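Numbering-wise (the UniProt record's numbering), the sequence shown opens with residue 1 and increments by one. Each remark here refers to the structure printed beneath this line.
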Amino acid sequence: MKNHYATIIVTLLVTVIGYFLANHYIVVCGMYLNPFVYFDTWNIVDGWKSIEASDIKVNFLNGSVILLISGILLFCIGLLSKRKVTS
1 MKNHYATIIV
11 TLLVTVIGYF
21 LANHYIVVCG
31 MYLNPFVYFD
41 TWNIVDGWKS
51 IEASDIKVNF
61 LNGSVILLIS
71 GILLFCIGLL
81 SKRKVTS
């Protein structure tokens with residue numbers, strides 16, 4: 001996106017919607033793979049999120065790995081989109 005304001009607005013919308021969906025549909029199968037689930041760090045550390053999700057896969061270790069992988073993936077996408085082809 002060329003317009004920086006549009007980029008900021010889209011980023012904020014994706015973050016807010018992702019966090020909302022992760023908290024309201026936490027029981028959905030495979031939701032532990034959603035990185036937005038792990039933004040509520042205190043409930044991850046004390047285990048309350050795994051009780052809400054009825055899934056023992058929602059824990060600190062899985063959250064760290066999922067956030068690391070999603071961060072690296074977004075970084076690589078950013079690197080690939082920045083390349084300019086000159087002829």
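Ideal Cβ positions, reconstructed from N, Cα and C, are used throughout, including at glycine. Bear in mind that the values here come from a model prediction, so they are computed numbers and not experimental data.
Pairwise C-alpha distance: residue j and residue i
{"i": "Val37", "j": "Lys57", "result": "12 Å"}
{"i": "Trp42", "j": "Ala53", "result": "15 Å"}
{"i": "residue 149", "j": "Asn59", "result": "Since the displayed the chain opens at 1 and closes at 87, residue 149 lies outside it and no answer follows."}
{"i": "Ile9", "j": "Ile17", "result": "12 Å"}
{"i": "Tyr19", "j": "Thr11", "result": "12 Å"}
{"i": "His4", "j": "Ile77", "result": "18 Å"}
{"i": "Trp48", "j": "Phe75", "result": "30 Å"}
{"i": "Leu73", "j": "Ser50", "result": "25 Å"}
{"i": "Lys82", "j": "Ser64", "result": "27 Å"}
Local conformation of residue i per DSSP, three classes
{"i": "Cys76", "result": "helix"}
{"i": "Gly71", "result": "helix"}
{"i": "Lys57", "result": "coil"}
{"i": "Gly18", "result": "helix"}
{"i": "Asn43", "result": "helix"}
{"i": "Ile26", "result": "coil"}
{"i": "Asn62", "result": "helix"}
Residue i at chain C interface by Cβ criterion, 7 Å
{"i": "Gly47", "result": "In the structure shown, chain C cannot be found, because there is only a single protein chain."}
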